[in-house]
Structures are given as C-alpha cells and as structure tokens.
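As structure tokens, the structure follows; a few thoughts come after it.
Now the structure itself:
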C-alpha cells in the first residue's frame with residue numbers, strides 16, 4: 096500500500112478514535128461535572144448553573160460545596176487540627192451567580208474602575224465558587240477579612256504544604272497573576288481530586304497551564320496506543 100494512503104488511513108483512524116473518546120478524557124476543562132472544569136475570565140458558566148451541594152460539617156460560614164469537595168474539606172480541616180492544633184474555618188464556599196454579581200458590583204463601587212475590580216473579584220459566571228469546588232479558608236474568626244497575610248500564618252502554611260493530600264490546590268498562587276488573571280490568594284483552595292492535586296503538588300503550575308499539558312499528553316497517549 097502506498098505510504099501516503101497508509102498515513103491517510105492512520106489519520107482517519109486516529110480522528111475516529113479521538114471523536115469517540117469521552118469529553119472528560121480529551122477536554123476535561125469543558126466538562127462542568129468533572130473535577131478539572133476550567134472557569135476564569137475567559138471561560139464562564141451560565142446564570143442558571145447550580146451544582147448539587149452539601150453543607151460541610153466544619154466551623155465557619157457559607158459551608159456549602161459539591162458533595163465530594165465537602166467531604167474532602169472535612170478531612171482536611173480535621174487533619175490540620177490533629178497535626179497542628181489549629182482550627183481552620185470556612186469563609187465562603189458556594190456562591191450563586193446573583194451573589195457573585197452583588198460582590199462584584201460592591202467591589203466596583205469601592206475601587207471605581209472595572210480594571211481594578213477585575214484584579215480582585217471574579218465577574219458573575221466567572222467564579223469558581225459557583226461550581227461548588229472552591230472554598231475561602233481562614234485560621235481563626237478574627238481573620239475573616241482575608242488578606243495575603245494568611246499565607247504566612249501556621250494555618251496558611253499548613254494549607255500550602257498539605258492541601259493536595261485531600262484533593263485541593265492553591266488556585267491563585269503568588270507569581271501566577273499573568274496566567275490566572277487574579278492577585279495572590281493564599282486562602283482560596285480549589286478541589287480537583289487527589290490524583291490531579293498530587294500531580295500539581297509535584298509540579299506546581301496554574302491550572303490553566305496544567306490543562307494544556309494534560310490535553311497534549313492525553314492526545315499523544317491515545318495516538319501512541321493506536322499505533
């Protein structure tokens with residue numbers, strides 16, 4: 096068989112294989128029910144999107160998260176208390192589109208410009224909190240007004256070193272602002288599951304960067320297996 100025909104048939108076969116592969120495998124950043132769904136300034140969810148939620152049995156306020164994330168949060172808080180004696184508290188878990196809209200408008204009024212407001216607050220539809228996979232965490236009740244200083248507390252340092260054990264990542268780390276679009280937030284953890292959290296702990300990078308690499312690796316692996 097001619098070389099060009101062999102190559103063509105190989106490409107057709109690979110294309111069919113890619114089409115038949117699940118969304119969660121090839122493009123997990125688009126799967127709203129998956130753990131790697133990407134939500135940021137460019138990728139948003141609709142006003143009506145609301146996940147199935149559970150109230151996490153932990154200290155704090157606004158404790159609702161997606162069920163798998165809520166159980167993981169309970170494990171993480173219990174481990175921190177046992178290992179350090181520090182009681183972590185929740186500040187803000189799930190937030191609806193309307194709640195995020197109010198928060199954004201309040202920030203806009205306080206800073207005066209959309210450009211400045213966008214540095215600190217996600218626009219409605221662009222917040223990980225609407226997915227039910229994110230939680231803002233504090234160390235004690237006197238630290239509810241979160242600042243970057245949380246990253247230097249014992250609780251903040253423990254979160255940085257250990258949240259991956261429970262399936263969480265620090266979503267907006269220092270130095271990632273140009274990629275994530277947000278300022279450093281050592282209090283904001285995002286649930287991605289233990290497998291992906293471990294990989295991101297070993298090779299720290301923004302979720303946006305990881306998803307590009309993950310997609311490339313997945314496609315190459317599929318093509319190699321096809322051969």
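Numbering (the working numbering), first residue to last: 96 to 322.
All residues carry an ideal CB built from backbone N, CA and C; glycine is no exception.
Remember, predicted model here, so these are calculated numbers, not experimental data.
Helix, strand or coil for residue i per DSSP?
i	result
residue 231	strand
residue 148	strand
residue 247	helix
residue 294	helix
residue 226	helix
residue 160	strand
residue 173	helix
residue 107	Unreliable placement is indicated for residue 107, whose pLDDT of 40 sits below 50; no coordinate value is reported for it.
residue 279	coil
residue 310	helix
residue 132	coil
residue 257	helix
residue 360	Here the chain covers residues 96 to 322 and nothing more, so residue 360 does not appear.
residue 140	coil
residue 242	coil
residue 124	helix
residue 315	helix
Using DSSP bridges, identify the partner residues of residue i.
i	result
residue 265	284
residue 165	Note: residue 165 sits in no beta bridge, so no partner.
residue 155	185
If I'm right that residue i touches residue j with Cβ under 8 Å, what's the distance once you round it to whole angstroms?
i	j	result
residue 141	residue 190	So it is not a contact: roughly 15 Å between Cβ atoms.
residue 155	residue 186	6 Å
residue 253	residue 292	About 15 Å; that fails the 8 Å criterion.
residue 220	residue 148	Contact flag wrong, Cβ pair sits at about 18 Å.
residue 188	residue 230	5 Å
residue 233	residue 280	Not quite, the Cβ-Cβ distance comes to about 12 Å (not below 8 Å), so this is no contact.
residue 249	residue 179	6 Å
residue 303	residue 274	5 Å
residue 151	residue 158	5 Å
Taking the alpha helix (DSSP H) that residue i belongs to, which residues open and close that run?
i	result
residue 186	It is not in any alpha helix (DSSP H) - residue 186 instead sits in the beta strand (DSSP E) that spans 184 to 187.
residue 205	192 to 206
residue 217	Neither: residue 217 is in no alpha helix (DSSP H) and is coded neither H nor E.
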